[in-house]
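So for the sequence shown, this note's numbering puts the first residue at 1; every next one is plus one. In this text, a Cβ means the ideal position worked out from N, Cα and C, and glycines have one as well. Report on the structure given below.
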Amino acid sequence: MCNAAKGTAVPELPEVETVMRGLAPHLEGQRIARIELRRDGLRWKFPPGLVQGATGAVVTGLRRRSKYILADLDRGSALLFHLGMSGRMLIETPAHLAQPGSFYRDPAILPQHDHVVIETEPGARITFNDARRFGMVDLIAPGAPSPLLAHLGPEPLSPDFTGALLAAAFAGRRVSVKSALLDQRIVAGLGNIYVSEALHRAGIDPRRAAGRIGRARIDALALHIRDVLTEAIAAGGSSLRDHRQIGGELGYFQHSFRVYDREGAPCPRETCPGTIRRIVQQGRSSFFCPTCQR
């Protein structure tokens with residue numbers, strides 16, 4: 001049997017967290033019996049020692065850093081995955097491991113886009129499928145942190161992410177608060193959808209200069225960022241195009257969107273007579289209510 005964990009066009013933190021949590025029962029504590037690379041790379045070439053370095057290793061744990069999934073190995077190294085725009089992790093399990101009805105393979109997921117296959121000793125098969133090939137798989141050597149992770153700021157769901165930290169990062173910055181929140185050096189993992197949602201909850205106009213927001217509003221913004229991400233993870237992420245959870249279910253947080261992709265709809269805030277507007281900032285759509293977001 002087989003299941004799919006698909007990404008949206010640009011999977012954000014909740015979608016990546018959902019995929020990581022779905023992979024954990026199949027990879028954590030398991031020895032990697034075989035890795036098959038069906039091409040020489042995706043967005044970038046695979047490192048030459050990937051197969052040799054991971055085959056035979058035990059996955060000691062899975063974690064997410066920003067929008068990356070890391071599988072820590074007992075050799076001190078780690079496999080690093082990024083879903084890119086269209087990447088998804090497919091899980092096939094032998095009959096003695098599978099739960100009837102829990103897994104499936106969507107016929108729209110074409111096997112010619114299966115680029116990396118990982119098999120565990122118990123017989124589970126994890127396949128990285130990526131139609132557009134903007135994803136990546138890397139092997140991080142022991143004691144050699146990946147440069148892809150070196151610049152990342154604090155995780156928005158970690159204790160390190162506070163209003164005080166956000167205020168210090170915003171101080172003196174003339175860029176819009178939307179742009180500042182999308183800067184991975186300030187906050188790791190935030191993307192367009194959840195920034196729009198958090199700014200509406202905090203009543204902050206996405207065009208406002210980050211350095212011109214008062215401390216009380218920044219404190220509230222930090223809390224709203226945490227809340228919207230936590231709610232989205234609990235909902236399995238947002239299925240705007242093709243994101244599904246590991247069991248094949250659609251994520252359903254899109255049904256809770258207040259502003260994202262709701263141009264022309266009434267503002268959902270009680271007593272606000274405004275209408276949701278869409279603008280473009282740095283090539284990305286921003287959705288907000290110009291009446292109650294200031």
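Burial state of residue i, where buried means 16 or more other Cβ atoms lie within 10 Å
| i | result |
| --- | --- |
| F103 | Caution applies to F103, whose pLDDT of 48 falls short of 50 and renders its modelled position unreliable; the value that the coordinates give is listed next. Result: buried. |
| A171 | exposed |
| R201 | buried |
| E17 | buried |
| T295 | The requested residue 295 does not occur in the structure, where the chain is confined to residues 1 to 294. |
| Q112 | exposed |
| S286 | buried |
| R185 | exposed |
| P11 | buried |
| V90 | A small correction: the amino acid at residue 90 is Leu; Val does not occupy that position in the sequence shown. Counting Cβ neighbours within 10 Å, L90 comes out buried, since at least 16 surround it. |
| D40 | exposed |
| G84 | buried |
| R38 | exposed |
| L110 | exposed |
| A234 | exposed |
Among the options, nearest to residue i - alpha-carbon criterion
| i | options | result |
| --- | --- | --- |
| V19 | D219, I276, R63 | R63 |
| D138 | A57, P11, V51 | V51 |
| E15 | W44, F46, S86 | S86 |
| S66 | S176, L80, G56 | L80 |
| D227 | R88, L27, L157, M136 | L157 |
| P159 | Y194, V187, R208 | V187 |
| G283 | S179, A24, T230, T275 | S179 |
| G143 | N192, Q281, G211, G76 | G76 |
| G211 | S256, D72, R174, R38 | R174 |
| H82 | I233, T291, H115, M136 | M136 |
| E270 | R258, Q281, I279 | R258 |
| Q30 | R278, I193, A124 | A124 |
| I193 | P47, A209, F288 | F288 |
| L190 | R208, I225, A209, I213 | I225 |
| G22 | A209, G203, R88 | R88 |
| V195 | R215, I118, Q281, E28 | Q281 |
| E119 | V58, E155, A141, I276 | V58 |
| A141 | G214, A54, R207, H26 | A54 |
| A209 | R278, E155, R294 | R294 |
| E28 | P154, T60, V116, A78 | T60 |
| H203 | P47, V116, I276 | At residue 203 the sequence reads Gly, which differs from the His that was named. Residue I276 is the option with its Cα nearest to G203. |
| V321 | A265, P47, F161, C292 | Since the first residue shown for the chain is 1 and the last is 294, residue 321 is missing from the structure and cannot be characterised. |
Pairwise C-alpha distance: residue j and residue i
| i | j | result |
| --- | --- | --- |
| I35 | D74 | 16 Å |
| G56 | E121 | 9 Å |
| S268 | L199 | One point to set straight first is that residue 268 is Pro, not Ser, in the sequence displayed. The alpha-carbon atoms of P268 and L199 are separated by roughly 14 Å. |
| S176 | A33 | 49 Å |
| L70 | C272 | 43 Å |
| D205 | E263 | 15 Å |
| L42 | Y68 | 15 Å |
| W44 | L13 | 22 Å |
| D261 | L229 | 17 Å |
| P145 | A24 | 22 Å |
| E197 | D72 | 32 Å |
| A232 | S256 | 9 Å |
| L182 | P290 | 20 Å |
| R215 | G153 | 20 Å |
Residue-chain proximity (residue i, chain B), Cβ-Cβ < 9 Å
| i | result |
| --- | --- |
| R38 | Judged by its chain identifiers, the structure shown contains no chain B, having just a single protein chain. |
Which of helix, strand or coil DSSP assigns to residue i
| i | result |
| --- | --- |
| L13 | helix |
| G41 | strand |
| S158 | coil |
| M89 | strand |
| P266 | strand |
| V195 | helix |
| A210 | helix |
| H151 | coil |
| P48 | coil |
| R31 | strand |
| F134 | coil |
| A235 | coil |
| T291 | coil |
| F253 | Residue placement at F253 is poorly supported in this model, since its pLDDT is 49, which falls under 50; the coordinates still yield a value, given next. In the structure shown, F253 sits in a helix (DSSP, three-state: H, G or I). |
| A167 | helix |
| A188 | coil |
Exercise. May I ask you to verify whether the segment 144-152 touches the segment 118-130, counting CB pairs closer than 8 Å and requiring at least 3?
Key: no
Quiz item: Below 8 Å, can you find three or more Cβ-Cβ pairs linking the segment 155-166 to the segment 214-224?
Solution: yes
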